[in-house]
Structures are given as C-alpha cells and as structure tokens.
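Asks: Can you keep this structure in mind? I'll have questions shortly.
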Amino acid sequence: MVEANDNHAETHTVAEFVEFCVNGRNDKSGEWTAQGKGEYLEGGKDAGGQLVDQRFCPRILEGELRYNCVVDALVGIIHKKHLRCWWHGLHLHLLRSRGGEVQELDDDFL
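In the numbering used here, the protein residues as written are 214 to 323.
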C-alpha cells in the first residue's frame, strides 16, 4: 500500500492493516513506518472516526478541477491545487465560466 500522507510504500497483510486501522500499533498490526497512530475508527461516528476507500491519485499535487453546476448549466470552475502535499493547504483559483481562460473547458464539458 502507499501511505497518502507522505507517499511511502509499505507491505502488510489485510489482517495487519485492519488491526492497525481499528486498534493502532500493537503486536498484531505488525511494524509500521507510517507516521499516523492508526485507530482511525476510535470514538465512532460521533468522534469523526472514519475510513475512506478511494482511488489513489499520485498526480494530485498537479491540482484538480471542480465544475460547479446549477441544474444542467455550468456556472463556474474551480482549480484546486495543493501546495506541498495534500494536507498542507490549498490554492483555490476561481475560473469564470463562459469565455476567457476556460472557454475550451466549457466547450469540452458541454
């Protein structure tokens, strides 16, 4: 697996991964070089405990585009670019729809 915080790779069994996520560092979770302590479900939903299963995006530092729509009309595009790594702040640039620098994106979207 690849750690989302710093992009380092680790190899673990599914059992070790689940143990780390639920109970943190212990003998059953194996040796982890990740900076986090695990225990992602600690405190349950009310305490914000959660796991998100999503595709790893190795090019996320290049940024992403968010298309804002009202019903079926594109009203704006936001370029969201991470500064150094995904958790260290963002630069948001509102790109106006209809002409200018985003006309080609508008045309391709519609």
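No residue lacks a Cβ here, since even glycine has one placed at the ideal position from N, Cα and C. A quick note: this is a predicted structure, and the numbers were derived from the prediction, not measured.
Assuming residue 250 and residue 261 make a contact with CB atoms under 8 Å, what is their CB distance in whole Å?
Replies: Contact between residue 250 and residue 261 does not hold, since their C-beta atoms are separated by about 15 Å, which reaches or exceeds 8 Å.
Asks: Are residue 232 and residue 241 close, meaning C-beta to C-beta below 8 Å?
Replies: yes
Asks: DSSP three-state label for residue 284, please.
Replies: coil
Asks: Rounded to a whole number of angstroms, what is the C-alpha to C-alpha distance between residue 230 and residue 278?
Replies: Computed Cα separation, rounded: 32 Å.
Asks: Under a three-way DSSP split, which group does residue 232 fall into?
Replies: DSSP, reduced to helix, strand and coil, places residue 232 within a helical segment of the structure shown.
Asks: Report yes if the CB atom of residue 223 is closer than 8 Å to the CB atom of residue 246, and no otherwise.
Replies: yes
Asks: Using only the alpha-carbon positions, how far apart do residue 289 and residue 283 sit?
Replies: 10 Å
Asks: When the distance is taken between beta carbons, is residue 227 closer than 8 Å to residue 254?
Replies: no
Asks: Classify residue 277 as helix, strand or coil using the three-state DSSP reduction.
Replies: strand
Asks: To the nearest angstrom, report how far apart residue 281 and residue 243 are at their CA atoms.
Replies: 44 Å
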